[in-house]
Amino acid sequence: MIEDLIADFSPEAFGEWCREKFDRFTADPHDVPNEEGFPQARVVGYVNALPDGEVNRPLLVMSVYAGQKINERSSRRKQYDFARKQLQAALDRPPAKVKGLFTQGLFAFHDKAGNFRLSLVSGRADGKKLVYSDFKRQSFFVRTGQNNKTFRARMEPAFGSYGDLGKAFSVEALTKEFYNSLFAWYERAMTPESKVTFPNDLTRDDDDRTQLAEHLIRLITRLMFIWFIRQKNLIPDTIFEPAELKTLLKSFDPASPKQDNYYRAILQNLFFATLNCEIKDRDFAKDGSFRENKEHFGIKLLYRYGGEFACPPDAVIKLFRGVPFLNGGLFECLDKKTDYQDGFSRNPKCVAHIPNNLFFDDRGLITLFSRYDFTVDENDPNDSDVALDPELLGKVFENLLGAYNPETKETARKQSGSFYTPREIVNYMVDESLVAHLRTQVPEVEEPVVRQYLGVEEPPVLAAPLRRELVKALYHCRILDPACGSGAFPMGLLLKMVHLLQRLDPKNALWHEVVMAEAEKALAEAESLGKEEKEQRRRRITESFDQSVNHPDYARKLYLIENCIFGVDIQPIAVQIAKLRAFITLVCDQTPDLSDADRNYRMLPLPNLETKFVAANTLIGLKADFAEGLKTSDGGSRLDDPELERRRKELDETRHRHFRARSAPEKNECRRLDEELRKKIKNRLVEIACKPDAQKIALYKAEIEKLREKRKRVEREEWKEVIQSRPQQGSLFDSEPTPVQTVMRVDANKEERDRIDDDIRRHTRVIEGEENRTKSKSAFQHEADRLADWDPYNQNASSPFFDPEWMFGSKDGFHIVIGNPPYLNVELVAPALKEYYQQNYTTCYKRYDVFGLFYEAALTRLAALNGKVSFIIPQQIANNLSYKKLRDMILQKAWLAEVLYLGDKVFEAANNDVCVLALDKSGRKTIRLVQALNFEDRTTTEVPADHFERYGNVISFSGDAGGEAVFAKVFATDRWKIKERFSVFQGIVTGNNAAFLPTADQVRQAKIEGDLLHPVLLGRDFEKWMIRSTERRIIYTNGDTDLKRYPNAEKWLIPFRPVLKERRECVKGVIPWFSLQWPRVQAELDRVPKILVQRTRNPRLATRIVATLDADQGLYGMESIIFLVPRDSNAPVRFLLAVLNSRLINHLYATKFLNVAVKAEYLKDTPIPAAEPRDEKALDTLARRILEAKKSNPSADTSTLEMEIDKIVYRLYGLTTEEIAIVEGQNAAKRPKPIAKPVKAATGRQPRKSVLTDDPDLS
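Under the numbering used here, read the sequence shown as residues 1 to 1259, first letter to last.
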């Protein structure tokens, strides 16, 4: 039946197919009118019963004849709108005896040729009205004469439930399935048995696998791009078919593990000599003697390996003639004269080897790609084709990069889809950033109107001047992703900005006007360009807007990419992939004319993106002394130099020319000019920075003369008598010494002379420093050299620094800084890098994480004055002590615009709770708090900008009015804080538990001295109100321990000495090798009574505080415990224990401090009510009764006593009945449920290590 449907689609065949696939399909063929202009719209019937759990989801089934030939992109919006209207009509007038709501339907749009799009359209109803913003469409586009492999496989089984149908239309399942197979291929190719090699270092025979992972990822990148553009019929199918290849290549064996001619002769020639070479220039390199070969040595645009073909060279050139020249750098051969990367060479020592079987056997790469359908159209979260779309590149390559990165490869092996930011979250962050930007730039347009233009519903009509201003604001918007990875955020922004332009300017008239006006302005300032070059620039703009050749989106995307979107990543291969996604999106908006080879089949060559996406370390800027050396006497900059400004404009224009360059000679000329200008700029920088500032010298010399004149006036000594008092030396038994007064003579002018002399010396040092600038030239020149040596066109290199002005020409910062920075603890980076971070980032504190550095870099170096910053990061930024300085910076300046809490189900391989902190440097009066555990059903509240001040700038994710009223009572000003009356500290950190926590048998056998042994608890050894076990023992040693007095203990510890000496504190000389790493103060550990609180809690349990009492045992505890030791005998120990175990304090920790770990710092500042003696005694008594009951019988029911405690605590904090109800409801509930439909993908190239733990020394 599926074959009949594909071969000859008709409404009748569609109805028969539905009858076969659904148990309860009822045919009801009839035509319906439509406003969209389709020649025929026909109801085929209904699926009356389709269970979805306990709910029935009936299906409306329709067939629509679209008239003109349809393709992947044609009339998608019109079809979508038609489907939604028909579902509303079915809701209004449902067929009799059908239970459930028609919020879903199957719609087949077909043309005369038999091509059709089968769409599952689903939504949500509010009563009997569809909520249009909640609609989704998932589609198969089926072409006649094609394999339609994915459609055949997915439509084969019957659909017994709505879940079955949803699975068949699932893009996520398809992507995951593909990735798993691709990763298996990658791992196979990485093994030595695969025999894959690339020529990395020609000086060594054993070096051909050192960069294998990167080479394989680059190969997959290029081949996948080929597979996408095959959808435009731009690549001949014959070069992927083994039967055809046997006629093209000599002795070709597709299954051979030894033969490797396919990669060399076919793919390398396709990559480097076809796609990267203009059609008219394609030819073979000479392959003869050394002298003959020398003519074409190093020219990587010519075909090679002619001897491997079974046909003459002309036939090979003809085979590839139908492939257009695409440019763009993706297929630029990376081989240099002595540094071979791709191995496209006639020298046997310099070639790459990939056996044929890795492409064509059952698990081969070509075989794998051939099993799936691809689409060049980028899917939308609410409108997607069930095929592998360009976003797949991001998902696949973020994971491959995770495997390529040695720090993350274990995670990547275990999970798929684990390093990529879900599209829904990318879109949300992009929308919010664009709304904030456009509201700042065009305040006349209200926020709801901007949001409507970003959405899918019909927006209100705006006056032309306002639309023009919005279009200009988009053109001038500069956007940076400082950790771009494979380009999820740059692509998300590009597509959303295109969507805005479509709705603001459907005919592209305003966009063309703005682009041309800005080009004319630039051309007027471009002194280095001749008249012909300027005319060519104008012609190319006109050509890009030619809708007879290009889709209107092509010009939108091209100039947004050129002017607005920038990306940085530390890994060059990630940058390559980000560029690749930009290339694909431009290719998909061009319409090839396969009959016009002379004009490259009407395909415009792709732009060169080397200066749009760069490989660099975002977190390292230019050295401070370099910037200091550029300052002038008046606080200005030496960069304000006419010659320097002229050279920089030339460099900027050269890079724009390179972006637009369409041929190898044109690109090479731009690159030569770029290098030349960089050197001239460097020389001028050194010249002006190392030249003494004569004006500054003269200014300070004049100041010195004034000071000397002033000194003459106080040159003479002027003696005065003054009375001074000093204490008399008393006897041992005097309670207070009697002061003695003496008369002294002093020079009244000496102090003024000394001050003047200091000023003269200081000014003299400034003059000497200025005069010695030439001598200090080398240090400045080193940094200037580093600046000039950065080569944006070297695709294999990653810059050790990032400077936005030098690399992207961004003087005033970026309007939007957005992304998913790496989650990597600073402790895990190289020592030199860690030291740099600590010296250059003011918020770097305790166990800081790299994502915090990205926030500070964005706010201080990258974002514009009114810039918007939005990152998705672990929620620990909101309340972890390590990020307090960062929170203070953000909140004190009122930069926090929104907190979006997403929970822990966003990334499969990272179980961290994550959130989005959106910042606005223009300042905000309110903060939006968005609870998005169920992303499709978010709740939003607003609080004042200073809201978190009362909580010590700890950010929470709850903003409901009732809850805030509770917290206002808890944090009232008349409370005392625990740290005022108790010493609060984390337990012992051993540094090696095996050494210091011997078992009872080990203690007995080693006869360890009892004086060193103390009872010690882990967090799991006690629970609320009771201690389970005190059997465990710790060997307590610190720096004061005389180990020689304990020979048995010493003998026990000696085998551990090598590993103990490697502990950080030992290496630093803070502790001797035998000491506990963090032993804490022994006197405080011995003190009783004291309170013990579990530091680590199970996140699945509702309670957040588990506290008990060490009444008289002198218990020690490990780092999983927090101690509260009274500072004096009057401290109310049991009173405090009762308050901590109350429901109210648990509610506080469950909602304000969403940490799995209870933090010592937060306990210290927990507000405790001042209580009358009778209330203090009442809570003390209740606590004693519960402790006694639990000690006698651990299973004793003490709930009644605990309720009494709760009542008193509520009263002491002044809660009303309504507020108590809020606490009781919150505390009774489990932690918030995870996202109903977990998003299955993730991001970040760095390991998601435990970034949540504070420094062990929390005392």
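Note that beta-carbon positions come from the ideal geometry of N, C-alpha and C, so glycine has one too.
For the pair of segments examined, the region 1116-1134 was found to touch the region 1075-1095: the number of CB pairs separated by less than 8 Å reaches three. Counting the other Cβ atoms within 10 Å of the Cβ of A168 gives 16 or more, which makes it buried.
A check of alpha carbon separations from L118 across K129, L101, G127 and Q138 identifies Q138 as the nearest. Annotation: the continuous alpha helix (DSSP H) that includes P1058 extends over R1057 to L1060.
DSSP lists R42 and A108 as the bridge partner or partners of S63. Annotation for V1106: no alpha helix (DSSP H) segment contains it, and DSSP assigns it neither H nor E. Spatial neighbours of G991 in its own chain (CB-CB distance under 6 Å, excluding positions within 5 residues in sequence) are listed in chain order as R1063 and Q1077. Shown here for L707: same chain residues with a beta carbon closer than 7 Å to its own, the five before and five after excluded, namely I756, D759 and I760 in chain order.
In the DSSP assignment, I1035 falls outside any alpha helix (DSSP H) and lies within the beta strand (DSSP E) extending over R1033 to I1035. Separation of L580 and F982 (C-alpha to C-alpha, rounded to the nearest whole angstrom) is 60 Å. Leaving aside the five residues that flank F613 on each side, the residues in its chain whose CB is nearer than 6 Å to its CB run, in chain order, G567, V575, A578 and K579. The DSSP-derived three-state label of S433 is helix. With a cutoff of 7 Å on beta-carbon distance, I1168 and W1025 are scored as not near each other.
For M744, the three-state secondary structure derived from DSSP is strand. Secondary structure at G567: strand, using DSSP grouped into helix, strand and coil.
Residues of the same chain with a CB within less than 6 Å of the CB of V64, apart from the 5 flanking positions on each side, are F38, A41 and F109 in chain order. About 6 Å separates the Cβ atoms of R928 and T940, confirming a contact at the 8 Å cut-off. Taking 3 residues as the minimum length, the beta strand (DSSP E) runs contained wholly in the region 128-170 are 136-142, in order along the chain. Between G45 and A27 a beta carbon distance of about 4 Å is seen, short of the 8 Å cut, so the two are scored as contacting.
With fewer than 16 other beta carbons inside 10 angstroms of its own, P443 counts as exposed. Residue pairing for H658: DSSP places it in no beta bridge. For H1014, the number of other beta carbons within 10 angstroms of its own is at least 16, and it is reported as buried. Scanning P1047, Y453 and R84 for the CA closest to the CA of L438 turns up Y453. The Cβ neighbour count for I573, taken over all protein chains shown within 10 Å, is at least 16; the residue is labelled buried. When only Cα atoms are considered, D253 and L267 end up about 16 Å apart. Taking every protein chain shown into account, the CB of A273 has 16 or more other CB atoms within 10 angstroms, so this residue is buried. By the beta-carbon neighbour count (other beta carbons within 10 angstroms, threshold 16), G903 is buried. Here S486 is buried, its C-beta having at least 16 other C-beta atoms within 10 Å. DSSP links G1117 through a beta bridge to L1017.
For Y262 against L245, the beta-carbon gap comes to about 7 Å, under 8 Å, which counts as contact.
In the assembly as shown, H30 is an exposed residue. Its beta-carbon has fewer than 16 other beta-carbons within 10 Å. The beta-carbon distance between V966 and E1219, rounded to whole angstroms, is 5 Å. This is short enough to meet the 8 Å contact definition.
Residue range R975 to K977 is occupied by the beta strand (DSSP E) that includes K977. Only residues of its own chain outside the window of five on either side were considered, and among them C18, V44, G45 and L106 have a CB closer than 6 Å to the CB of V61, listed in chain order. In the three-state DSSP reduction, S870 falls in the strand class (E or B). Separation of V323 and T367 (C-alpha to C-alpha, rounded to the nearest whole angstrom) is 22 Å.
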